[in-house]
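Notes follow once the structure below has been shown.
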Amino acid sequence: MGGVSLPARKLATIAELLAIPEAQRFHEIINGELVPKAMPSPKHGGAQASLAGIVFRPYNRRPGGRWPGGWWFATEVEVQLEEHEVYRPDVAGWRRERLPELPEETPILVRPDWVCEVLSRSNMRNDLVKKQRTYHRCQVPQTWIVDPMNEVLTVCRWMDDGYLNVLTAERGERVRAEPFDAIAWSVGELFGDDPDDE
274 MGGVSLPARK LATIAELLAI PEAQRFHEII NGELVPKAMP SPKHGGAQAS LAGIVFRPYN
334 RRPGGRWPGG WWFATEVEVQ LEEHEVYRPD VAGWRRERLP ELPEETPILV RPDWVCEVLS
394 RSNMRNDLVK KQRTYHRCQV PQTWIVDPMN EVLTVCRWMD DGYLNVLTAE RGERVRAEPF
454 DAIAWSVGEL FGDDPDDE
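So that you can map any letter, position 55 of the sequence shown is 328 in our numbering, and since no number is skipped, the others follow by simple counting.
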């Protein structure tokens, strides 16, 4: 008795993604599926804005001078990692030595040197499993996961056989988190605490 063959699943393309009007295009292509991105909760949005602020001032500049510099950052921009994997990381960063300037076109085709995903209840599986696998396959050197529900930061470093968890910290702890370890800051800043100006 022969098995029933199912039709091959049609994989979403970048053309289909870009066909969505820009004002409504809050989608990603994950494992070849066009997926709407979760609407951020107030805690999610607050953590994302705080994180961008923490890394932006000291690093989003040319190297040299008072601050470390050497990076470009962008929030919620489309990044094409593979043909059927197009993500909108909550915050992404590129070393200026690899990307002399942020491109104007979308999606960005240069893989980031660092990405941060801020978890929402509805997107945890995508952010913790599916997207992390793609980031690893594409050799994104560092990823951060910010969990506003549990007030935890997880920092991961690319290794051949998977990401190595190099730091897990919670509200109340002060960290130097790679690749931005030139500056110490309080994890609570991600979750509404005032910056400590030490």
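Note that beta-carbon positions come from the ideal geometry of N, C-alpha and C, so glycine has one too.
Values in this document were obtained by computation on a predicted structure and should not be read as measured data.
Residue from the options with nearest C-alpha to residue i
{"i": "ASP393", "options": "ASP433, GLU424, ARG369, TRP367", "result": "In the sequence under discussion, the amino acid at residue 393 is Ser, which differs from the Asp named in the question. Nearest option by C-alpha distance: GLU424."}
{"i": "LEU463", "options": "PHE453, GLU443, ILE456, ALA455", "result": "GLU443"}
{"i": "GLY445", "options": "GLN353, ALA457, ARG410", "result": "ALA457"}
{"i": "LEU307", "options": "ASP454, ARG298, GLN321", "result": "ARG298"}
{"i": "LEU324", "options": "ALA311, PRO421, THR286, TYR436", "result": "PRO421"}
Expected contact under 8 Å - CB spacing of residue i and residue j to nearest Å
{"i": "TRP345", "j": "LEU372", "result": "6 Å"}
{"i": "ILE303", "j": "ASN399", "result": "6 Å"}
Three-way DSSP call (helix, strand, coil) for residue i in this model
{"i": "VAL350", "result": "coil"}
{"i": "GLN415", "result": "strand"}
{"i": "HIS300", "result": "strand"}
{"i": "GLY435", "result": "strand"}
{"i": "VAL383", "result": "coil"}
{"i": "LEU401", "result": "helix"}
{"i": "GLU295", "result": "helix"}
{"i": "ARG335", "result": "coil"}
{"i": "ARG444", "result": "coil"}
Beta strand (DSSP E) segment containing residue i, residue limits
{"i": "LEU307", "result": "306-309"}
{"i": "THR407", "result": "That residue, THR407, is in no beta strand (DSSP E); its alpha helix (DSSP H) goes 404-410."}
{"i": "ALA365", "result": "364-368"}
{"i": "GLU289", "result": "It is not in any beta strand (DSSP E) - GLU289 instead sits in the alpha helix (DSSP H) that spans 287-292."}
{"i": "VAL460", "result": "Unbroken run through VAL460: none, as it is neither H nor E."}
{"i": "GLU358", "result": "358-360"}
Cβ neighbour criterion (16 or more within 10 Å) applied to residue i
{"i": "GLU471", "result": "Reliability of the predicted coordinates at GLU471 is poor, the pLDDT of 48 falling under 50, and the value obtained from them is presented with this limitation in mind. When all chains shown are included, GLU471 counts as exposed."}
{"i": "LYS283", "result": "exposed"}
{"i": "ASP454", "result": "exposed"}
Extent of the continuous alpha helix (DSSP H) run through residue i
{"i": "LEU324", "result": "315-332"}
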